[in-house]
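There are 2 protein chains.
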Amino acid sequence: MMRGREAERELVKKLREKGFKAVRIPASNPSAEPLPDVFATKGDVLLAIEVKSTWEKKVKVREEQVKKLFDFLSFFPLNGMALVVGKFKRRRWTVRVVEKVEDIIISEDDEDLDMFIQKLFKQ
Amino acid sequence: MMRGREAERELVKKLREKGFKAVRIPASNPSAEPLPDVFATKGDVLLAIEVKSTWEKKVKVREEQVKKLFDFLSFFPLNGMALVVGKFKRRRWTVRVVEKVEDIIISEDDEDLDMFIQKLFKQ
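In the order they appear, the protein sequences are chains A and B.
Just so we're on the same page, the working numbering is the position in the first sequence counted from 1, plus 273.
Just so we're on the same page, the working numbering is the position in the second sequence counted from 1, plus 273.
The following block contains the structure:
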């Protein structure tokens, strides 16, 4: 696992380029607080995002991390989505929409991030 | 100036006791990101809060810190309020509602925090 900080910064940039307001929360991972690595808004859409960067083909995201996304979303009366974004081998960006609190394994074969954002942008 | 971390934790506790969802953002101050020390929600009310703890009677809050509160609020289509909360001499809690981006000086004679929260709670 690589440090996720660089991937988080790149993700914020990507989202801003697509018309989202986006921000990275520094040092959110070690904390027990219900905070995502990155969050973004566009109108009443709120994205709570866990970011993983890896040289592997798959990476596990623990239930505790997933729970933080939903806890964060629960603060806001908005149209919230919990996402896990993966950066695989420094070039392949993917996204998984998370539906419930459980351990999940994301893969480099998940949905392409840029296509996903594009789709959201059209809404 | 004392470290604000303890005051931030106490403030989160106070807000939760009054029916808000509240969370502290660790390490938000050194960051250039548009993040408050603490934020809280109740229905469509969103509080973005800078917290100052001091042994003095007054304390200055810099324009850059105030700007972060408004930048954070601008992410959300909610009823946002920018607040500076002071903890003076470890016992007197005050609040100032900030209306615009500028240097401000808060004082131990500002509005009592508990009364202010109580008022919000009744809305």
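Ideal Cβ placement from N, Cα and C applies to all residues, glycine included.
Quantities reported herein were computed from a predicted structural model and do not represent experimental measurements.
{"query": "Reduced DSSP category for Met274/A - H, G, I as helix; E, B as strand; rest coil", "result": "Interpretation of Met274/A is limited by its pLDDT of 49, a score under 50 that renders its predicted location unreliable; no figure is taken from the coordinates."}
{"query": "Three-state class that DSSP yields for Asp385/A in the structure shown", "result": "strand"}
{"query": "Below-8 Å beta-carbon distance, Gly316/B vs any chain A residue", "result": "yes"}
{"query": "Exposure label - Gln397/A; buried when at least 16 CB within 10 Å", "result": "Outside the displayed span of chain A (274 to 396) sits residue 397/A, for which this structure offers no information."}
{"query": "Chain A residues whose Cβ lies nearer than 8 Å to that of Lys294/B", "result": "Ser347, Phe348"}
{"query": "Under 7 Å by beta carbon: chain A residues contacting Ile298/B", "result": "Ile298, Leu308"}
{"query": "Short Cβ contact (8 Å threshold) for Lys341/A with Pro299/A", "result": "no"}
{"query": "Bridge partner(s) assigned by DSSP for Phe312/A", "result": "Val296/A, Ala321/A"}
{"query": "Residue(s) in a DSSP beta bridge with Phe361/B", "result": "Thr327/B, Arg365/B"}
{"query": "Reduced DSSP secondary structure (H/G/I, E/B, other) of Ala305/A", "result": "coil"}
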